[in-house]
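Here is the structure we will look at, set down as structure tokens.
Numbering (this note's numbering), first residue to last: 22 to 158.
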């Protein structure tokens, strides 16, 4: 089964203080069935990891190794994220009071009729309101 994967769910795999059985289950789902992400996902992931370096949470080799590991997973970048940004994505952000970035994950899950893996509380609530299956906790 393929899913839509957000940054919070993906990065929960790499930080011991954030990993739990639900996060490991999402990782196994991605390994077996792949995942879709909006076009901004790589930028978001890289930004979180770079901010971790700057704040002393981890070092640059850890950041680089994490990015290399994530690149090995069957994660597909949605080619149509930008086409929907100024219509469906904005409407979802407005309706659920989400950032445009978070709404991009919800829009992708709705468009592809896929479950959404996220640890973000507001995004989970919006997804549930839109009848999207939510993974992660």
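Heads up, the beta-carbon is just placed ideally off N, CA and C, and yes, glycines get one too.
Just so it is clear, the structure is predicted and the values come from calculations on it, not from any experiment.
Is residue i helix, strand or coil by DSSP?
| i | result |
| --- | --- |
| residue 62 | helix |
| residue 154 | coil |
| residue 138 | strand |
| residue 26 | strand |
| residue 119 | coil |
Less than 8 angstroms between the CB atoms is what I'm expecting for residue i and residue j, so what's the real figure, rounded?
| i | j | result |
| --- | --- | --- |
| residue 30 | residue 58 | About 10 angstroms separates the two Cβ atoms, so there is no contact after all. |
| residue 137 | residue 153 | 5 angstroms |
| residue 67 | residue 88 | 7 angstroms |
| residue 34 | residue 40 | 6 angstroms |
| residue 109 | residue 128 | 5 angstroms |
TODO: Ignoring anything shorter than 3 residues or poking outside the segment 33-106, list the beta strand (DSSP E) runs there in chain order.
DONE: 56-58 and 96-98
Open item on the list: Three or more C-beta pairs under 8 angstroms: does that hold for the segment 50-67 against the segment 96-110?
Closed with: These segments touch.
TODO: For the segment 100-120 and the segment 72-80, state whether three or more C-beta atom pairs, one from each stretch, are separated by less than 8 angstroms.
DONE: no
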